[in-house]
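Asker: Quick one: the structure is below, and I'll ask about it shortly.
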Amino acid sequence: MDMDGFPLAFCINPGNTNEQVTLKPLEQKLNDKFNISKLVVCTDCGLSSYENRKNNNVGERAFITVQSLKKLKGHLQEWALDSKGWLIDGSNTEYDISTLNPAEYRDITFYKDRWINENGLEQRIIVTFSFKYREYLRYVRDRQIERAENVIKKGSSKLNRKSQNDPKRFIKSESFTGDGELAQITNYSLNQEMIAQEELFDGFYAICTDLED
């Protein structure tokens, strides 16, 4: 990128290519053309595979990558979502975010971190929490729930077509009676379990890196 943040060049791959396998060849191309072997690779979740992290954990390469909290192992997810043990940059005071007034700490970003070793790869996971970010995510979800309710009321032939961020992901269908017989009419309703599950992660964000500072 240039000084204004615009890309000087970019690579294009076929639309059906798994993006995770495109990173290593791109890094090799940078090294071959520009003799760049010392670099810190920053990626989103799409390129955040174990293989890509391992590839950038050698020599003078390092990585900073977004970490999906939903994909963490159980004990790590429990630690990340625990309301206790949160810090504010520049202070050693630990906070229990469940006891804080969201309005008072709305503009504060809390964090916790630890080193983990997964399959021989040592990396540092840094988790942040923000009341403002939680507020934003809940606002967006509330609008999506409203849209899902409207879809249920109106009915649609596309009710079962759902994507990751589609409001229809909050709609569940029931086509069987209590004794397991096939029902003639499919009933659609809000999936309250899914809504509650998503709310658990509101306000949290995580990255992994092999950098020490």
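The sequence shown begins at 127 in my numbering and counts up one residue at a time.
Every residue gets a Cβ at the ideal spot worked out from N, C-alpha and C, and that includes glycine.
1) Going by the beta-carbon positions, is the gap between ALA274 and LYS294 smaller than 8 Å?
2) Between the segment 211 to 230 and the segment 169 to 181, do at least 3 Cβ pairs fall closer than 8 Å?
3) Reducing DSSP to helix, strand and coil, say where ARG179 ends up.
4) Looking only at C-alpha atoms, which of GLU153, ASP268, GLU325 and THR335 sits nearest to LEU247?
5) Am I right that PHE330 and VAL277 are in contact with their C-beta atoms under 8 Å? What's the rounded C-beta distance?
6) Taking the alpha carbon of VAL184 as the point to measure from, which residue in ALA332, ARG240, ASN144 and LYS164 has its own alpha carbon closest?
7) Could you tell me which residues DSSP puts in a beta bridge with VAL184?
8) Quick check on GLN318 - is its C-beta less than 8 Å from some C-beta in chain B?
9) Going by other Cβ atoms of all chains shown within 10 Å of its Cβ, with 16 needed for buried, is LEU198 buried or exposed?
10) Confirm the yes/no value for this check: CB of GLU177, any heavy atom of the ligand SAH, distance under 7 Å.
11) In this structure, how does DSSP classify ASP336 when only helix, strand and coil are distinguished?
12) Label TYR221 either buried or exposed according to how many other C-beta atoms from any shown protein chain fall within 10 Å of its C-beta, with 16 as the threshold for buried.
Answerer: So, from the listed chains and residues:
1) yes
2) no
3) helix
4) THR335
5) Contact flag wrong, Cβ pair sits at about 28 Å.
6) LYS164
7) DSSP lists no partner for VAL184.
8) Of the protein chains in this structure there is only one, and it is not chain B.
9) buried
10) Questions concerning the ligand SAH fall outside what the structure shown contains, since it holds no ligand whatsoever.
11) coil
12) buried
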